[in-house]
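Heads up: the sequence shown begins at 1 in my numbering, then just goes up one per residue.
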Amino acid sequence: MARWWTTGSVAAVLGLALLLPAKAQDAWDAARAAGTHLLMRHAIAPGTGDPGNFSLSDCATQRNLSDAGRTQAERIGRSLRENDVAIAVVLTSQWCRSRDTAERLGIRPVEDEPALNSFFAGRGDRAEQTEALKARIAELDAAGKKAVLVSHQVNVTALTGVYPASGEIVVIRLGADGEVSVEGRLETE
1 MARWWTTGSV
11 AAVLGLALLL
21 PAKAQDAWDA
31 ARAAGTHLLM
41 RHAIAPGTGD
51 PGNFSLSDCA
61 TQRNLSDAGR
71 TQAERIGRSL
81 RENDVAIAVV
91 LTSQWCRSRD
101 TAERLGIRPV
111 EDEPALNSFF
121 AGRGDRAEQT
131 EALKARIAEL
141 DAAGKKAVLV
151 SHQVNVTALT
161 GVYPASGEIV
171 VIRLGADGEV
181 SVEGRLETE
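And the structure:
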């Protein structure tokens, strides 16, 4: 019988297992650090995009959180509190799935931020909204406020290059040059 592992491969696997908790701890440290913000994709909302009859003012015309998504958002909020991440404000896309995620985090205040609205399928302007979001983050930094920014996959990817899972948090920092850096990632599943 051939062995598929070697002493080196076992050591590599054990080493990786030891690094994973350290990476998770590093991400939580980044989330707590001054000058960082938590850019989050809304929780689980099955499907892609929104129906053709989409209306921003009518949740019945939108793709919404599933039961699993509602539970996920509540769990993420508990996790933020348990890990002592001091949030001053939650800013959210006006889409119902993002607002529902933001509300279920259980962190107040929650405020609409149109720059976080989805621009998938031509519903907004990627460049304009990304620049507006950077400006909003600069305002938060000037005020010394840490925010959770609840948005959509396309927005997170445009700002960071990261393709996030539902409910994933990308810890970001806005540099003096106006560029956003990724300081860590908090996966929620």
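Beta carbons are placed, not taken as given, at the ideal position from N, Cα and C, and that holds for glycine.
Measure the beta-carbon distance from residue i to residue j and round it to whole angstroms, keeping in mind my assumption that it falls under 8 Å.
i           : j           : result
residue 126 : residue 97  : Not a contact, Cβ separation roughly 19 Å.
residue 109 : residue 94  : That belief does not hold up - the Cβ atoms of residue 109 and residue 94 are roughly 15 Å apart, past 8 Å.
residue 192 : residue 119 : Absent from the structure is residue 192, since the part of the chain shown begins at 1 and ends at 189.
residue 44  : residue 68  : 5 Å
residue 141 : residue 35  : 6 Å
In whole angstroms, what is the alpha-carbon distance linking residue i and residue j?
i           : j           : result
residue 101 : residue 172 : 19 Å
residue 70  : residue 80  : 16 Å
residue 112 : residue 160 : 21 Å
residue 99  : residue 134 : 20 Å
residue 28  : residue 137 : 20 Å
residue 66  : residue 77  : 17 Å
residue 183 : residue 132 : 21 Å
residue 88  : residue 104 : 16 Å
residue 130 : residue 151 : 12 Å
residue 26  : residue 179 : 21 Å
Would you kindly report the start and end of the unbroken alpha helix (DSSP H) that includes residue i?
i           : result
residue 147 : Element bounds for residue 147: not the alpha helix (DSSP H) but the beta strand (DSSP E), 147–151.
residue 116 : Run containing residue 116: none; DSSP gives neither H nor E here.
residue 91  : Careful: residue 91 lies outside any alpha helix (DSSP H), inside the beta strand (DSSP E) at 89–92.
residue 133 : 126–143
Between which residues of its own chain and residue i is the CB-CB distance below 8 Å, once the five residues before and five after are set aside?
i          : result
residue 86 : 32, 146
Counting only the same chain and skipping the five closest in sequence on each side, list residues whose C-beta sits under 6 Å from that of residue i.
i          : result
residue 39 : 149, 156, 170, 172
I'd like the span of the beta strand (DSSP E) that includes residue i, first residue to last.
i          : result
residue 38 : 36–41
Short of 7 Å in beta carbon distance, which residues of its chain neighbour residue i, apart from the five on each side in sequence? Order them along the chain.
i          : result
residue 84 : 32
At a cut-off of 6 Å, would you count residue i as near the ligand NAP, judging by its Cβ distance to the nearest heavy atom?
i           : result
residue 112 : Summarising the ligand content, the structure contains no ligands, and the ligand NAP is consequently not present.
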